[in-house]
Amino acid sequence: GAGVSQTPSNKVTEKGKYVELRCDPISGHTALYWYRQSLGQGPEFLIYFQGTGAADDSGLPNDRFFAVRPEGSVSTLKIQRTERGDSAVYLCASSLDLPGPGNTGELFFGEGSRLTVL
Amino acid sequence: GQQVMQIPQYQHVQEGEDFTTYCNSSTTLSNIQWYKQRPGGHPVFLIQLVKSGEVKKQKRLTFQFGEAKKNSSLHITATQTTDVGTYFCAGRGGTSYGKLTFGQGTILTVHP
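Going down the list, the protein sequences come from chains A and B.
67 is the number of the first residue of the first sequence in the working numbering; add one for each residue after it.
-1 is the number of the first residue of the second sequence in the working numbering; add one for each residue after it.
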C-alpha cells in the first residue's frame, strides 16, 4: 500500500483479555517500529525489527507484551492479560532502512491503533 | 537508558511571533530527527541532523545540532496558524543504532 496501515483503528477490551494489533508497513521497508503514545506524551519506544528479527525489544514493558514479524513484512503486537494502564495509542512505523549513506532512516508512521482497556 | 528531554512543554504565541523548542539528550547522539504531529494525527518527519554544529533551514524553520551532539533546537520565524501542532525531537545513539528515542514534545498553539 501507499502508507503504513494499522488495524484495528480502535479496540475496546476488558481487563484481562488478549489483544492483537496489526501493522502492514510500506512495501520494501526493512525496519519496523512499535511505539506507544499516551495523551500529551511523546511516542514511547517498544521494539524495532530489522527484517524478521527483533533488533531491540528493550522498550517492551513486561512479558505480557510480545511482537512478531515472521516474514519480514507484516508485524503483530500481542498483549496478554491487558491492564487499564495499557490504554494508549499504539503507533507502528516503518523505514526503508536504518540511517546510512543516502538514507535518513526517517520513520513513516501509521494512524495508530487506539486501545482502551476497561 | 538514553533520555531525551524537550522544553518547553507548551508554547502559546501570536501569529507572526517566533517560536523555539529545545531538545537535550542524556547521551551523545549519532543523529537527531525532528517530527511534527498535528492534532489527531501521527508524527511526520521534518528533518535529520547528523554532523556536530550542523544547521539546516526549511523555509521559516531552522534546525540546529549542538557541537557536542547532545542538544538540538528548532526555531520557527514568524509563526502561522498552519504551524500548530506538537514538535518532537528524536535521537539515535548508544549501542542500539536503530532505536529512535522521542522527547515528550512541545505543543505549539498559534493565536491569529
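Backbone N, C-alpha and C define an ideal beta-carbon position, used for all residues, glycine too.
Open item on the list: Measuring only the C-alpha atoms, how far is isoleucine 105 of chain B from glycine -1 of chain B?
Closed with: Within the second sequence, residue 105 of chain B is the residue found at index 107, counting from 1. Within the second sequence, residue -1 of chain B is the residue found at index 1, counting from 1. Whole-angstrom Cα-Cα distance: 25 angstroms.
Task: N- and C-terminal bounds of the beta strand (DSSP E) containing valine 140 of chain A - done: Residue 140 of chain A sits at position 74 when you count from the first residue of the first sequence. Here valine 140 of chain A belongs to no beta strand (DSSP E), and DSSP marks it neither H nor E.
- [ ] Please determine, among A:Tyr84, A:Gly176, A:Pro136, the residue with the shortest C-alpha to C-alpha distance to alanine 120 of chain A.
- [x] Here the question's residue 120 of chain A lines up with position 54 in the first sequence. For alanine 120 of chain A, the nearest C-alpha among the options comes from A:Pro136.
- [ ] Taking only beta-carbon positions, decide if tyrosine 20 of chain B is within less than 8 angstroms of chain A.
- [x] Working through the second sequence from its first residue, we reach residue 20 of chain B at position 22. No, tyrosine 20 of chain B does not count as interfacial toward chain A.
Task: chain B contact residues for glycine 176 of chain A, given Cβ-Cβ distances below 8 angstroms - done: Locating residue 176 of chain A in the first sequence gives position 110, where the first residue counts as 1. Ordered by position in chain B, the residues that pass the 8 angstroms Cβ test against glycine 176 of chain A are His40.
Task: Beta-carbon neighbours of tyrosine 114 of chain A, restricted to chain B and to distances below 9 angstroms - done: Against the first sequence, residue 114 of chain A aligns to sequence position 48. Those within 9 angstroms of tyrosine 114 of chain A in chain B are Ser94, Gly96, Lys97, Leu98.
Open item on the list: Any beta carbon of chain B sitting closer than 8 angstroms to that of leucine 162 of chain A?
Closed with: For the purposes of this step, residue 162 of chain A is taken as the residue at position 96 of the first sequence. With 8 angstroms as the cut-off, leucine 162 of chain A does not count as an interface residue toward chain B.
Task: 8 angstroms Cβ cutoff met for glycine 69 of chain A and phenylalanine 174 of chain A - done: As a position in the first sequence, residue 69 of chain A is number 3, starting the count at 1. As a position in the first sequence, residue 174 of chain A is number 108, starting the count at 1. Cβ atoms of glycine 69 of chain A and phenylalanine 174 of chain A: closer than 8 angstroms.
Open item on the list: Assuming valine 108 of chain B is part of the beta strand (DSSP E), what are its boundary residues?
Closed with: What you label residue 108 of chain B is simply residue 110 of the second sequence in a count that begins at 1. Unbroken beta strand (DSSP E) run through valine 108 of chain B: 104 to 109.
Task: Residue from B:Thr79, B:Phe63, B:Pro41 whose Cα sits closest to the Cα of serine 50 of chain B - done: Stepping through the second sequence from its first residue, residue 50 of chain B is reached at position 52. Answer by Cα proximity: B:Phe63.
Task: Proximal residues to tyrosine 33 of chain B (C-beta, below 7 angstroms), its chain only, five neighbours per side dropped - done: Taking the second sequence and counting its residues from 1, one reaches residue 33 of chain B at position 35. Once the five neighbours on either side are set aside, the close Cβ partners of tyrosine 33 of chain B are Pro41, Val42, Phe43, Leu44, Phe86, Ala88.
- [ ] Would you grab the beta carbon distance between threonine 26 of chain B and lysine 68 of chain B for me? Rounded to a whole angstrom, and I think it's under 8 angstroms.
- [x] Counted from its first residue, the second sequence places residue 26 of chain B at position 28. Counted from its first residue, the second sequence places residue 68 of chain B at position 70. Right, their Cβ atoms sit about 6 angstroms apart.
TODO: With a 10 Å radius around its C-beta and 16 neighbouring C-beta atoms as the bar for buried, classify glutamine 7 of chain B as buried or exposed.
DONE: Within the second sequence, the letter at position 9 stands for residue 7 of chain B. Classification for glutamine 7 of chain B: exposed.
TODO: Return helix, strand or coil for aspartate 90 of chain A, following the three-state DSSP convention.
DONE: Taking the first sequence and counting its residues from 1, one reaches residue 90 of chain A at position 24. Aspartate 90 of chain A: strand per DSSP, three-state reduction.
TODO: Kindly indicate which three-state DSSP category aspartate 122 of chain A falls into: helix, strand or coil?
DONE: As a working mapping, residue 122 of chain A is identified with position 56 in the first sequence. Three-state result, aspartate 122 of chain A: strand.
Task: Range covered by the beta strand (DSSP E) that runs through lysine 49 of chain B - done: For the purposes of this step, residue 49 of chain B is taken as residue 51 along the second sequence, with counting starting at 1. Lysine 49 of chain B -> no beta strand (DSSP E), and no H or E assigned at all.
- [ ] Could you tell me which chain B residues have their CB closer than 9 angstroms to the CB of alanine 97 of chain A, listed as they occur along the chain?
- [x] Residue numbering aside, residue 97 of chain A sits at position 31 when the first sequence is read from its first letter. Those are Gly96, listed as they occur along chain B.
Task: Under 7 angstroms by beta carbon: chain A residues contacting glycine 103 of chain B - done: Residue mapping note: residue 103 of chain B aligns to position 105 of the second sequence, counting from 1. Ordered by position in chain A, the residues that pass the 7 angstroms Cβ test against glycine 103 of chain B are Gly108.
TODO: Answer yes if the stretch 76 to 89 of chain A comes into contact with the stretch 133 to 152 of chain A, meaning at least three C-beta pairs across the two stretches below 8 angstroms, and no otherwise.
DONE: yes
- [ ] Work out the CA separation of glycine 92 of chain B and leucine 98 of chain B for me, nearest whole Å.
- [x] Locating residue 98 of chain B in the second sequence gives position 100, counting from the first residue. Locating residue 92 of chain B in the second sequence gives position 94, counting from the first residue. Rounded to whole angstroms, leucine 98 of chain B to glycine 92 of chain B spans 11 angstroms at the Cα level.
TODO: Locate the beta strand (DSSP E) running through lysine 34 of chain B, then write down its first and last residues.
DONE: For this step, residue 34 of chain B is matched to residue 36 along the second sequence. Start and end: 27 to 35.
TODO: Grab me the residues of glutamine 12 of chain B's own chain with a C-beta within less than 6 angstroms of its C-beta, minus the 5 sequence neighbours each way, in chain order.
DONE: In the second sequence, residue 12 of chain B corresponds to position 14, counting from 1. Answer for glutamine 12 of chain B: His109, listed in chain order.
Task: Alpha carbon of serine 70 of chain B to alpha carbon of tyrosine 99 of chain A, nearest angstrom - done: Along the second sequence, one-based indexing puts residue 70 of chain B at 72. Along the first sequence, one-based indexing puts residue 99 of chain A at 33. Spanning the two alpha carbons is a distance of roughly 23 angstroms.
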